[in-house]
Amino acid sequence: METPPAFPRATKNRATLAYEEIARLIEQKKLSSGEVLVEQNLAAYLGISRTPVRQALQRLEIEGQLVKPNNSSFVVRKVELKEYLQSLKAREIVESEATAMCAGHVAEARLATAKAMTAALKHEQAYNPEQHWTADKVVHDLVTDFCGNQVVAGIVRSLRVTTKLFEVDRLAERLEPDIRQHEEILERIEQGDRDGAKVAMATHLRSLVSFAVDRIA
């Protein structure tokens, strides 16, 4: 693992900080699919006691990022290609409709942040996967936060956990299409174009399917 984080003392409790750091390591594939997580090692890495680490791992298990087979140690959940593709299809059905639902209803400040972070990716001299994932999350969080239906939002969040766990090869090749497609989604949302927003999100998710299939062809 990389250099341990320096946790601030007062802003958040340590279980939350541990959760955020472990989730980040999973997202960036620094904790890989199928890897066994040893509570004691994580506590030493984070410089905290085992109790908040245990609480963080339990939260990640509830979210579906970790599994605990046969009541043993926590393991980073492994998502195979079939589950990934099926989850993307489910997202196409649900998240596309959720995007239509949020069109015209996103707070201006949140929309401006998403547009700025997406545009900033064009100016990076070297590919930065962390910035790529962060900008992606900001765009898709608009859909779940402003669709106006918490059940739909919960389904989309759960499906996104699954698709993010799949280990995509040559992720840098997704940067240009992601920027272009996210900009289209954001434009349609800003315009209040429900049908256009729905089509833009569906197009984006279908392109992820094609990208994955092309990599194994």
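Numbering (my numbering), first residue to last: 986 to 1202.
Using N, Cα and C, we set each Cβ at its ideal position, and we do this for glycine too.
Computed from a predicted model, the values in this text were never measured in an experiment.
| On the three-state DSSP scale, how would you describe ASP1199? | In the structure shown, ASP1199 sits in a helix (DSSP, three-state: H, G or I).
| message | Do ARG1009 and PRO1037 have their beta-carbon atoms positioned less than 8 Å apart in this structure? | response | no
| query | Could you give the distance in angstroms between the alpha-carbon of ILE1164 and the alpha-carbon of LEU1106? | reply | 7 Å
| said: Quick check: the Cα distance between THR1147 and GLU1048, rounded to an integer number of angstroms? | reply: 10 Å
| Cα-Cα separation, HIS1167 to GLU1082 | 16 Å
| Tell me which same chain residues have a C-beta within less than 6 Å of the C-beta of HIS1064, skipping the five on either side of it? | Reading the sequence as shown, one finds Val at residue 1064 and not His. Only THR1147, LEU1150, PHE1151 meet the Cβ criterion.
| Using a Cβ-Cβ cut-off of 7 Å (strictly less than) and excluding sequence neighbours within five positions of LEU1160, which residues of its own chain qualify? | LEU1106, TYR1112, HIS1117
| task | Answer yes or no: does any C-beta atom of chain D fall closer than 8 Å to that of THR1119? | result | Of the protein chains in this structure there is only one, and it is not chain D.
| In chain order, what residues of the same chain have a beta carbon less than 6 Å from the beta carbon of VAL1137, not counting five sequence neighbours either side? | ALA1083
| request: With DSSP collapsed to three states, give me the class of PHE1131. | output: helix
| task | Please state whether DSSP places LEU975 in a helix, a strand or coil. | result | Limits of the chain in this structure are 986 at one end and 1202 at the other, which puts residue 975 out of reach.
| said: Going by C-alpha to C-alpha distance, which of GLU1109, GLY1177, HIS1125, ALA1197 sits closest to VAL1079? | reply: HIS1125
| said: Tell me the DSSP secondary structure of LEU1016 in three-state form. | reply: Secondary structure of LEU1016 (DSSP, three-state): coil.
| query | Per DSSP, what kind of secondary structure is VAL1061 in: helix, strand or coil? | reply | strand
| task | Taking only the alpha-carbon atoms, compute the straight-line gap between LYS1100 and GLU1093 and give it to the nearest angstrom. | result | 10 Å
| task | Report the rounded CA-to-CA distance for ARG1200 versus ARG1191, giving the unit in angstroms. | result | 14 Å
| field | Exposure label - ARG1173; buried when at least 16 CB within 10 Å | value | buried
| said: How far does the alpha helix (DSSP H) with LEU1073 in it extend, from its first residue to its last? | reply: 1066-1087
| request: Note down, in chain order, each residue of its chain lying with its Cβ closer than 6 Å to the Cβ of LEU1144, except the 5 sequence neighbours on either side. | output: Here the set comprises SER1072, ALA1075, ARG1076.
| query | By how many angstroms is the C-alpha of ARG1044 removed from the C-alpha of GLN1025? | reply | 17 Å
| message | Does the distance between the C-beta of ALA1008 and the nearest non-hydrogen atom of the ligand SAM fall short of 7 Å? | response | Judged by which ligands are present, the structure shown has none, so any question about the ligand SAM falls away.
| task | State the Cα-Cα distance for the pair VAL1219 and ALA1028, rounded to the nearest angstrom. | result | Residue numbering for the chain in the displayed model covers 986 to 1202; residue 1219 lies beyond these limits and cannot be assessed.
| Residue from ASP1121, VAL1141, ALA1120 with nearest C-alpha to THR1129 | VAL1141
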